[in-house]
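Notes to accompany the following structure.
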Amino acid sequence: IVVGSIPVALIGLPFADFFEEVFSSPRAAAAFLLLTAVLLVLGERALSGRKTIAEMTWTDTLIIGLFQTIALFPGVSRSGSTIVGGLSRGLDRPTAARFSFLLGIPAILGAGLQAILAIFTATSTEFSTAVYIVAFLAAALSGYACIHWLLTWVKNHTLYGFAIYVALFSIVFLLISFLGG
Numbered sequence: 034i035v036v037g038s039i040p041v042a043l044i045g046l047p048f049a050d051f052f053e054e055v056f057s058s059p060r061a062a063a064a065f066l067l068l069t070a071v072l073l074v075l076g077e078r079a080l081s082g083r084k085t086i087a088e089m090t091w092t093d094t095l096i097i098g099l100f101q102t103i104a105l106f107p108g109v110s111r112s113g114s115t116i117v118g119g120l121s122r123g124l125d126r127p128t129a130a131r132f133s134f135l136l137g138i139p140a141i142l143g144a145g146l147q148a149i150l151a152i153f154t155a156t157s158t159e160f161s162t163a164v165y166i167v168a169f170l171a172a173a174l175s176g177y178a179c180i181h182w183l184l185t186w187v188k189n190h191t192l193y194g195f196a197i198y199v200a201l202f203s204i205v206f207l208l209i210s211f212l213g214g
């Protein structure tokens, strides 16, 4: 997990503001969401193997970590890109998904810590600490439920359904943004 987190730490920490400033428009996020759909299709088409997490090499972990850096672009799914990275390194879907969520722990905790520090160092806050605690617990519980569902789902289903959903959402949003202003 540490090795897989190195790329996002080296690229994400120093360039986070750049990615947010340059690519934070709704249209950019929708376009990058379309990239997520393409990645999912390519990942599904990759020859997935039977490699276990215990059989992964440092190179496998580092390459999957590089896939995680793609998610620095708004709209690109972190879990989607790392699952695709795992598939490209010979993991099957359930193992790639499991490793993706393990690899996400440091990145998500780091981003969460930055957000918490920003909240508590702000000069004024509109909400009490209790509101933030309740929001954190709700996010943690719903996140756990979604991860559990996805890990169960990928055992018997391909990623094509997610790719179609993400592509349609992206295309609809792009059309609305270009036609509606």
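Heads up, the final residue of the sequence shown is numbered 214 in my numbering, and it's a clean run with no missing numbers. The beta carbon of each residue, even a glycine, is placed where N, CA and C say it ideally should be.
Residue 37 holds the alpha-carbon nearest to the alpha-carbon of residue 97 among 144, 109, 37, 113. Going by C-alpha positions, residue 69 is about 25 Å away from residue 148. Here the stretch 184-192 makes contact with the stretch 123-130; the two share three or more CB pairs at distances below 8 Å. DSSP assignment within the stretch 55-88 yields the following whole alpha helix (DSSP H) runs of 4 residues or more, N-terminal first: 59-78. Its chain contains 101, 102, 140 as the residues whose beta carbon lies nearer than 6 Å to that of residue 41, once the 5 sequence neighbours on both sides are disregarded; these appear in chain order. Pairing residue 106 with residue 52 gives a Cβ-Cβ distance under 8 Å.
When 121, 175, 195, 202 are compared, the shortest CA-CA separation from residue 83 is found for 121.
For a cut-off of 8 Å, the C-beta gap from residue 76 to residue 138 is around 21 Å, too long to register as a contact. For residue 184, same chain residues with a beta-carbon under 7 Å away, outside a window of 5 residues either side, are 127, 130, 131 in chain order. Between the alpha carbons of residue 72 and residue 212 lies a distance of about 27 Å.
Per DSSP, the continuous alpha helix (DSSP H) segment holding residue 100 begins and ends at 91-102. The Cβ atoms of residue 65 and residue 108 lie closer than 8 Å to each other.
No Cβ-Cβ contact shorter than 8 Å links residue 210 with residue 67.
Taking all protein chains in view, the Cβ of residue 93 is crowded by 16 or more other Cβ atoms within 10 Å, so the residue is classified as buried. Contact between residue 74 and residue 193 holds: their C-beta atoms lie close to 7 Å from each other, under 8 Å.
Counting along the chain, the unbroken alpha helix (DSSP H) around residue 138 starts and ends at 126-154. Between residue 207 and residue 60 a beta carbon distance of about 7 Å is seen, short of the 8 Å cut, so the two are scored as contacting.
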